[in-house]
Amino acid sequence: MAKELSEQHKRFLEVLFTDAGGNISSAMRMAGFSEGYSRRTLTNYLKEEIIEATQLYIAMAAPKAAVAMINAIDDPTELGLKEKMSAAKDLLDRAGLVKTEKVQVESTGGVMILPAKEREEE
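First residue of the sequence shown: -5, per the working numbering; consecutive thereafter.
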């Protein structure tokens, strides 16, 4: 059952990844929460919504990471390229676009499975 969010909660989620740059305290201020309101209380209440918003934010950044990886082909001498590629790979992994690995199995001879030997009574 989805919980009912107040306008203040909705505003918090809207500014968290934009104007607040991911800073929960800043997002709380921008959304109009009082100084004494507990960060823990708010994040505990909005935990699922924050996780969902985070997944959406990562998904929205995935095309930028993919473009960065492709651009590395054009300019492999760019400064900081190794770190940029590592960050792009991590972001794409978290977005669910993982590298696929193929395993090729070859056999030169067949395998024959025989039934168990019957024991002879003495």
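Here a beta-carbon is modelled for each residue, glycine too, at the ideal position from N, C-alpha and C.
Bear in mind the structure is a predicted one, so any value in this text is a computation, not a measurement.
Rounded C-alpha distance that separates residue i from residue j
i	j	result
Met(-5)	Ala82	Unreliable positioning characterises Met(-5) in this predicted model, as indicated by a pLDDT of 47, which lies under 50. The coordinate reading is nonetheless provided below. The straight-line gap from Cα to Cα measures roughly 35 Å.
Ala56	Thr48	12 Å
Ala59	Ile45	20 Å
Leu86	Ile18	24 Å
Asp13	Lys76	29 Å
Arg88	Arg33	26 Å
Lys78	His3	34 Å
Burial state of residue i (16 or more Cβ within 10 Å)
i	result
Met22	buried
Ala25	buried
Leu108	exposed
Leu10	buried
* **Start-end ranges of the alpha helix (DSSP H) lying completely within the segment 52 to 115, minimum 4 residues** => 75 to 88
* Of all the beta strand (DSSP E) runs that stay within the bounds of the segment 8 to 57, which reach a length of 3 or more residues? -> none
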